[in-house]
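Following this line, the structure appears as structure tokens:
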């Protein structure tokens, strides 16, 4: 769609694959986010949908001042779709929204105003988990709000959730310069948890950021097709992502401080997968145990051993196979 | 002395305002309005609560008060209620609350507000067909004992509500039928919000309504339910377009549209409006009621009685039920829905279920449930 005039204030990239049931909610929620519709550019990247998603997106041109619809003939994956959208974006500030999620009114202007007023590199905010009419406010794990912080200062603590454990990229807004510095690219090789990898990269890079209060970014849960419900090899994807994160952490001057966080997170996510109601297939389970053990083995032995010693009895039991697969020094 | 009015729909606000006039109420009323759509933020309904505020001294937007949470999930702990009462009295400037008017006493937020104001008399005013059926849940004594009156609209001549509380009907107006020279009109439903269908099923049934309407007139006007997400509306219209149906959309109050359009036929799933408009002389048709009866699960689903009534009066492939037959049917369905709450209805239910032709029995009752309750099974 031809757009003339100055660059928009914000670009939001919306990737979608067979999303016709919900995409309209996402796009409708983007309309009216700014008093001036020209402030917002929406880039919908249709990732090879077989349904009417792309056509549905185009039908929103009337309510979205600047709408770009890109079509991949066949699915390329959410990371590649987001990267494609970012490459075509022109906004000063960049953000994301998944096709099945939506924003409360006033969300983007609150984030953009906050980011501009504070002058930091990016802002992040809370997430509202939605299942039907049931909603849970998931607070961003950083109590210091509405002020500029060092992005590296919010990676720890080890023992509790921190900003790198909140992977929702849609609950934030990012300066275009981050994309130009290669910090907003999603790793297209990762089958899942690409957002976790991105958050670690972003926070390790050491820019400035702020956690803002905002009306709300709504994350729809309980959809059959989503990864959180998937029960197949895709559930192993986090191991690949955390292996890439390990590579980043190893090169960091504070590797010794951050490695325990990595070990703890891998143990926690693995325990979650292994204790889920729908059990993994035997094969996937074995691969998960082997993958988690391999990841821990690639960390310093003392780091792995200490985190395993810190496990509560229930988790220790769930993770028994992983622990057994580790050499003596690592457990 | 203030009345607190907890309402979610325009029809509810109007019924409560009319009922308060009829009951001779004099004090101020504070309207606590809320939008109950699954995603209230995406409906036009946010503008809703304030409408018609001539009847109310002040208007509270409860969705905004509870954001980011949904009013239907507001269930504070008992410990917090005394404090909430003090805070809300102050914040909503309602002083001494003397009466409570609610549209739906069986779900939050009305239940919650009734728990907070735990010594105030309650008027229930349900503008829909659910008013004729059982309470939606087993009500705590604490709420049940405080009900003064169940107000309902006079939607079905000859039918009386089954709830064992004093009831009063408020006359309803509907635009009189004229020649019926206009387009056919389709009244949309919020089937996903009512847990009667998923998104795909909701789209299919709406397309079916439009198709049926197009058979009756040269043009069709579609009035979507306010809670239908915009994208779903678009998908319905797209499918209608593919089928070559001459459909255009019109939003607004049903009665205004009917008065404006002089429709040849009015089609819907199971809206109460169909019965009102039929009484006023309009040609109406209900579609998909059997399907919705089958989808009303569990059996005590909140939509069951409304769909049962519309099906009995307008359903395809059956004779419209007479007044006595309808009363007996609603009472029997009520007993099967909530056997604990309405033990006195067991005998009449058993009589009706023994007499009903097998084809109708299977439409309104389920074998397992009847078996468990020791009621007659037919067919």
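Chains as they are written, first to last, in the numbering used here: chain A, 3 to 333; chain B, 2 to 380. We put the beta carbon where it would ideally sit given N, CA and C, even for glycine. Since the structure is predicted, the reported quantities are computational estimates derived from the model, not experimental observations.
Quiz item: Is residue 325(A) buried or exposed, if buried means 16 or more other CB atoms sit within 10 Å of its CB?
Solution: Translated into positions along the first chain, residue 325(A) becomes position 323. With 16 or more neighbouring CB atoms inside 10 Å of its own CB, residue 325(A) falls in the buried class.
Quiz item: In this structure, does DSSP put residue 230(A) in helix, strand or coil?
Solution: Taking the first chain and counting its residues from 1, one reaches residue 230(A) at position 228. A caution first: residue 230(A) carries a pLDDT of 49, below 50, which makes its placement in the model too unreliable to give a value.
Practice problem: Let me know the secondary structure DSSP gives residue 240(A) once reduced to three states. | Solution: Indexing the first chain from 1 puts residue 240(A) at position 238. Assigned with DSSP and collapsed to three states, residue 240(A) falls in helix.
Quiz item: Fully enclosed by the stretch 126-172 of chain B, which alpha helix (DSSP H) runs are 4 residues long or longer?
Solution: The stretch 126-172 of chain B contains, as complete alpha helix (DSSP H) runs of 4+ residues, the segments 142-145 (chain order).
Practice problem: Rounded to whole angstroms, what's the CA-CA distance from residue 53(A) to residue 60(B)? Just pull it up for me. | Solution: Here residue 53(A) refers to the residue found at position 51 when the first chain is read from its first residue. Here residue 60(B) refers to the residue found at position 59 when the second chain is read from its first residue. Near 43 Å, if we compare the C-alpha coordinates of residue 60(B) and residue 53(A).
Self-check item: Residues that residue 20(A) contacts on chain B, provided the C-beta gap is smaller than 7 Å
Solution: Walking along the first chain from the start, residue 20(A) turns up at place 18. Going along chain B, no residue has its Cβ under 7 Å from residue 20(A), so there is no contact; the nearest lies around 12 Å.
Quiz item: By DSSP, does residue 30(B) sit in helix, in strand, or in coil?
Solution: Residue mapping note: residue 30(B) aligns to position 29 of the second chain, counting from 1. Residue 30(B) falls in the strand class under three-state DSSP.
Self-check item: Host alpha helix (DSSP H) of residue 336(B) (start-end)
Solution: Stepping through the second chain from its first residue, residue 336(B) is reached at position 335. Where residue 336(B) is concerned, the enclosing alpha helix (DSSP H) stretches over 324-338.
Quiz prompt | Near-chain A residues of the stretch 63-75 of chain B - C-beta to any C-beta below 8 Å | solution = Within the stretch 63-75 of chain B, those residues whose Cβ lies closer than 8 Å to any Cβ of chain A are, in chain order, 68, 69, 70, 71, 73, 74.
Self-check item: C-beta atoms of residue 85(B) and residue 117(B) nearer than 8 Å
Solution: Along the second chain, read from residue 1 onward, the residue named residue 85(B) stands at position 84. Along the second chain, read from residue 1 onward, the residue named residue 117(B) stands at position 116. Yes. Within cutoff.
Quiz prompt | Residues sharing a beta bridge with residue 13(B), DSSP | solution = Indexing the second chain from 1 puts residue 13(B) at position 12. Answer is none; residue 13(B) lacks a bridge partner.
Practice problem: Assign residue 175(B) to one of three DSSP states: helix, strand, or coil. | Solution: Counting from one through the second chain, the residue named residue 175(B) turns up at place 174. It is coil, neither helix nor strand.
Quiz item: Given that residue 235(B) touches chain A, what residues does it touch there, using C-beta distances under 7 Å?
Solution: Locating residue 235(B) in the second chain gives position 234, counting from the first residue. Neighbours of residue 235(B) on chain A, chain order: 26, 58, 61.
Practice problem: Taking all protein chains shown into account, decide if residue 231(A) is buried (16 or more other Cβ within 10 angstroms of its Cβ) or exposed. | Solution: Position 229 of the first chain, counting from 1, holds the residue named residue 231(A). Low confidence applies to residue 231(A): its pLDDT is 49, below 50, so where it sits in the model is not reliable, and the reading given next is rough at best. Note on residue 231(A): under 16 other CB atoms within 10 angstroms of its CB, so exposed under the neighbour-count rule.
Quiz prompt | Uninterrupted alpha helix (DSSP H) stretches inside the stretch 248-276 of chain A (no shorter than 4 residues) | solution = Unbroken alpha helix (DSSP H) stretches of 4 residues or longer found wholly inside the stretch 248-276 of chain A: 257-276, given in chain order.
Quiz item: Got a sec, what are the start and stop residues for the beta strand (DSSP E) residue 74(A) sits in?
Solution: What you label residue 74(A) is simply residue 72 of the first chain in a count that begins at 1. Counting along the chain, the unbroken beta strand (DSSP E) around residue 74(A) starts and ends at 68-74.
Exercise. Determine the contact status of residue 30(B) and residue 6(B), defining contact as a CB-CB distance below 8 Å.
Key: Along the second chain, one-based indexing puts residue 30(B) at 29. Along the second chain, one-based indexing puts residue 6(B) at 5. Their beta carbons are under 8 Å apart, which means residue 30(B) touches residue 6(B) by this criterion.
Self-check item: Alpha-carbon to alpha-carbon, residue 161(B) and residue 312(B)
Solution: Within the second chain, residue 312(B) is the residue found at index 311, counting from 1. Within the second chain, residue 161(B) is the residue found at index 160, counting from 1. Answer to the nearest angstrom: the Cα atoms are 17 Å apart.
Practice problem: Could you tell me whether the stretch 106-121 of chain B touches the stretch 312-324 of chain A, using the rule of 3 or more Cβ pairs below 8 Å? | Solution: Too few Cβ pairs lie closer than 8 Å, so no.
Quiz prompt | Contact list for residue 239(B) against chain A, beta-carbon separation under 7 Å | solution = Mapped onto the second chain, residue 239(B) falls at position 238. In chain order: 54.
Quiz item: How would you write the range of the alpha helix (DSSP H) that residue 312(B) sits in, first residue to last?
Solution: Here residue 312(B) is taken as the residue at index 311 of the second chain, counted from 1. For residue 312(B), the enclosing alpha helix (DSSP H) has its first and last residue at 305-315.
Quiz item: So residue 17(A) is in the beta strand (DSSP E); what residue range does that whole segment cover?
Solution: Position 15 of the first chain, counted from the first residue, corresponds to residue 17(A). Element bounds for residue 17(A): 12-18.
Quiz item: If you measure from the beta carbon of residue 110(B) to each beta carbon in chain A, is any gap under 8 Å?
Solution: To locate residue 110(B), count along the second chain from 1; it is residue 109. Not one chain A Cβ lies under 8 Å of residue 110(B).
Exercise. Taking only beta-carbon positions, decide if residue 213(A) is within less than 8 Å of chain B.
Key: Here residue 213(A) is taken as the residue at index 211 of the first chain, counted from 1. So, not an interface residue.
Exercise. Determine, using beta carbons only, whether residue 137(A) comes closer than 8 Å to chain B.
Key: Stepping through the first chain from its first residue, residue 137(A) is reached at position 135. Among the residues facing chain B, residue 137(A) is included, as its CB has a counterpart in that chain under 8 Å away.
Quiz item: Using 8 Å as the limit for Cβ to Cβ distance, is residue 30(A) near chain B?
Solution: The residue given as residue 30(A) occupies position 28 in the first chain. Residue contact check for residue 30(A) against chain B: a CB pair falls below 8 Å.
Quiz item: Does the beta carbon of residue 134(A) sit closer than 8 Å to a beta carbon anywhere in chain B?
Solution: Position 132 of the first chain holds residue 134(A). Output row for residue 134(A): interface = yes.
Quiz item: Using the beta-carbon of each residue, which ones in chain A are nearer than 7 Å to residue 39(B)?
Solution: If you number the second chain from 1, residue 39(B) lands on position 38. Near residue 39(B) (Cβ distances below 7 Å), the residues of chain A are 134, 135.
Self-check item: Rounded separation between residue 277(A) and residue 128(A) - CA only
Solution: Locating residue 277(A) in the first chain gives position 275, counting from the first residue. Locating residue 128(A) in the first chain gives position 126, counting from the first residue. Rounded to the nearest angstrom, the two C-alpha atoms are 27 Å apart.
Quiz item: What did DSSP end up calling residue 48(B) once you bin it into helix, strand or coil?
Solution: As a first step, residue 48(B) is located in the second chain; it is residue number 47 there, counting from the start. With a pLDDT of only 48 at residue 48(B), under the threshold of 50, the placement of this residue in the model should not be trusted, and no figure is reported.
Quiz prompt | Contact set between the stretch 104-130 of chain B and chain A, restricted to residues whose Cβ is under 8 Å from the partner | solution = Those residues of the stretch 104-130 of chain B that come within reach of chain A (Cβ to Cβ, closer than 8 Å) do not exist; the list is empty.
Quiz item: With 8 Å set as the bound, which would you pick, yes or no: does the beta-carbon of residue 48(A) sit closer than that to a beta-carbon of chain B?
Solution: Mapped onto the first chain, residue 48(A) falls at position 46. It does not: the Cβ of residue 48(A) has no partner Cβ on chain B nearer than 8 Å.
Quiz prompt | Whole runs of the alpha helix (DSSP H) within the stretch 278-322 of chain A, excluding any shorter than 4 residues | solution = For the stretch 278-322 of chain A, whole alpha helix (DSSP H) runs of length 4 or above, ordered along the chain, are 284-299, 303-311, 315-320.
Quiz item: Starting from residue 99(B) and walking both ways along the beta strand (DSSP E), at which residues does that stretch end?
Solution: To locate residue 99(B), count along the second chain from 1; it is residue 98. Counting along the chain, residue 99(B) sits inside the beta strand (DSSP E) bounded by residues 98-103.
Exercise. Can you give me the start and stop residues for the alpha helix (DSSP H) that residue 252(B) sits inside?
Key: For the purposes of this step, residue 252(B) is identified with residue 251 of the second chain, where counting begins at 1. Looking at the DSSP string, residue 252(B) is not in any alpha helix (DSSP H), and its letter there is neither H nor E.
Quiz item: At a CB-CB cut-off below 7 Å, which residues of chain B make contact with residue 107(A)?
Solution: The residue given as residue 107(A) occupies position 105 in the first chain. Those are 42, listed as they occur along chain B.
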